[in-house]
Ligand SMILES: Nc1nc2c(ncn2[C@@H]2O[C@H](COP(=O)(O)OP(=O)(O)OP(=O)(O)O)[C@@H](O)[C@H]2O)c(=O)[nH]1
Ligand SMILES: [Mg+2]
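Residue numbers (the working numbering): 710 to 1071.
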């Protein structure tokens, strides 16, 4: 059973809206004059599987009047961890905004933390870490390209000395950029390489992809991190299972990562991994990578751009989806919690800090 209130200038127009959204099976729960006598408000209820998914039979995303319902459907679509969805909905509900886009951006602003992409105009050491194939080398090349285009000095170092072709892959980029590429196979060599770098330029360290859950790999990466005073950026591929993403955010944070860049956003339609990793509250969301080519660049993230990324008109191409794909795999986020309580008129207190990821799926 789902309740919704519809406003319209006249009773017949309000009834038409009810029919459009809920079909013929809707039950009218109440009707009343809208505030200040402007039109009518009808509260209707329906029990329908199609409606409960947030989509009509033809695959159209429901144009839900209540912004909380809209945000709820968006978060469920992306596979946001339930605790995170509950928190975002609670904050959005407390804000009492009419516009779902604004409410989503405002709640994201309160729940997530953001940091800019590395500034190529300032000296600083940035180390890119992450799973094999996450996009570390391509992201390093993108950042180096930004520095070169801004006519800023840049130092590029790779610690990927064992994998066949590891050095050559990055060298293919640095050669075009006419930037020297240094390599460092261990912590001492990395320290030496950073000391030999141009102190006026940004220094980018591209690491080999290891297994953070393997003790040796973990220790090797940690030794590299503590060898230099670098700002460590976790490179995480969007589309990773959201629970894995939360685990990875935790383990790399323990190693020393403080920022997050999400790659492959161009090939991903559900951004649960991004949301889940950021929901740990331990990493500053910095940017997204929108393509495999260096020219695809990196886009910074802020509450508004993240909300836009999640919104259906920017993210979900209804025509692309088969009807069966419309059903969220998880239960509707918060459907029996905040949203239901809200429908019953209850109001929750918002939390003051993001829910830790380890609890996010409970
Ligand atoms: N579509 C898309 N592909 C990307 C993006 N970023 C990287 N890739 C591709 O992902 C693959 C792996 O990228 P790399 O940069 O080599 O990944 P890595 O983390 O350095 O990998 P290892 O060094 O093996 O650990 C390559 O084929 C890239 O072209 C992105 O934002 N979008
Ligand atoms: Mg690499």
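Using N, Cα and C, we set each Cβ at its ideal position, and we do this for glycine too.
Item	Value
In angstroms, rounded to a whole number, what distance separates the CA positions of residue 807 and residue 1013?	16 Å
Between the alpha carbons of residue 882 and residue 906, how many angstroms are there, rounded?	18 Å
Alpha carbon to alpha carbon, how far is residue 752 from residue 955?	39 Å
CB residue 980 to CB residue 787, shorter than 8 Å?	yes
Examine ligand 2 and report whether any of its heavy atoms sits within less than 7 Å of the Cβ of residue 845.	yes
Is it right to say residue 718 is buried, meaning 16 or more other beta carbons lie within 10 angstroms of its own, or is it exposed?	exposed
For residue 816, does the count of other Cβ atoms within 10 angstroms reach 16, so buried, or fall short, so exposed?	buried
Return the first residue and the last residue of the alpha helix (DSSP H) that residue 940 is part of.	Run containing residue 940: none in the alpha helix (DSSP H); it sits in the beta strand (DSSP E), 940 to 946.
Ligand 2 heavy atoms versus the CB of residue 874: any closer than 7 Å?	no
Which of the three DSSP states is assigned to residue 871 in this structure?	coil
May I ask whether a heavy atom of ligand 2 can be found less than 7 Å away from the beta carbon of residue 918?	yes
Ordered along the chain, which non-local residues of its own chain (more than five positions away) have a Cβ less than 6 Å from that of residue 722?	none
Between the alpha carbons of residue 1034 and residue 750, how many angstroms are there, rounded?	Unreliable positioning characterises residue 1034 in this predicted model, as indicated by a pLDDT of 35, which lies under 50. The coordinate reading is nonetheless provided below. Rounded to the nearest angstrom, the two C-alpha atoms are 33 Å apart.
Answer with buried or exposed for residue 904, where buried requires no fewer than 16 other C-beta atoms within 10 angstroms of its C-beta.	exposed
Please confirm if residue 729 has its CB atom under 8 Å from at least one CB of chain C.	Chain labels in this structure do not include chain C; a single protein chain is all it has.
Taking 8 Å as the threshold, find out whether the stretch 963 to 970 comes into contact with the stretch 919 to 934 through three or more Cβ pairs.	yes
Which one of 1019, 804, 789, 914 has the shortest CA to CA distance from residue 893?	914
Near residue 869, what residues of its chain come up, given a Cβ to Cβ distance below 6 Å and the 5 sequence neighbours on each side ignored?	875, 917
Could you work out which residue in 789, 842, 993 is closest to residue 952 when comparing CA atoms only?	789
Tell me residue 913's beta-bridge partners as DSSP assigns them.	835, 865
Residue 800: which of 834, 777, 886, 858 sits nearest, CA to CA?	777
Looking only at its chain, what residues have a beta carbon closer than 8 Å to the beta carbon of residue 843, apart from the 5 residues adjacent to it on each side?	918, 944, 945, 946, 972
Here's a check: name, in chain order, each residue in its chain whose Cβ is nearer than 6 Å to the Cβ of residue 949, leaving out the five neighbours to either side.	982
Which residue marks the beginning of the alpha helix (DSSP H) containing residue 731, and which one marks its end?	720 to 731
Given the structure, does residue 976 come close to ligand 1, in the sense that its CB is under 7 Å from one of the ligand's heavy atoms?	yes
Taking C-beta to C-beta, are residue 935 and residue 833 nearer than 8 Å?	no
Please report how far the alpha carbon of residue 939 lies from the alpha carbon of residue 780, in whole angstroms.	37 Å
For residue 957 versus residue 986, is the C-beta distance shorter than 8 Å?	yes
Report the rounded CA-to-CA distance for residue 862 versus residue 872, giving the unit in angstroms.	28 Å
Taking residue 713 as part of the beta strand (DSSP E), name the residues at either end of that continuous run.	711 to 717
Which stretch, first to last residue, makes up the beta strand (DSSP E) that contains residue 816?	Per DSSP, residue 816 belongs to no beta strand (DSSP E); it is in the alpha helix (DSSP H), 809 to 820.
Do residue 888 and residue 1001 count as a contact pair if the criterion is CB distance below 8 Å?	no
Relative to ligand 2, is the shortest distance from any of its heavy atoms to the C-beta of residue 926 smaller than 7 Å?	no
Going by alpha carbons, who is nearest to residue 890 out of 866, 901, 902?	866
Would you kindly work out how many angstroms separate the C-alpha atoms of residue 859 and residue 993, rounded to a whole number?	24 Å
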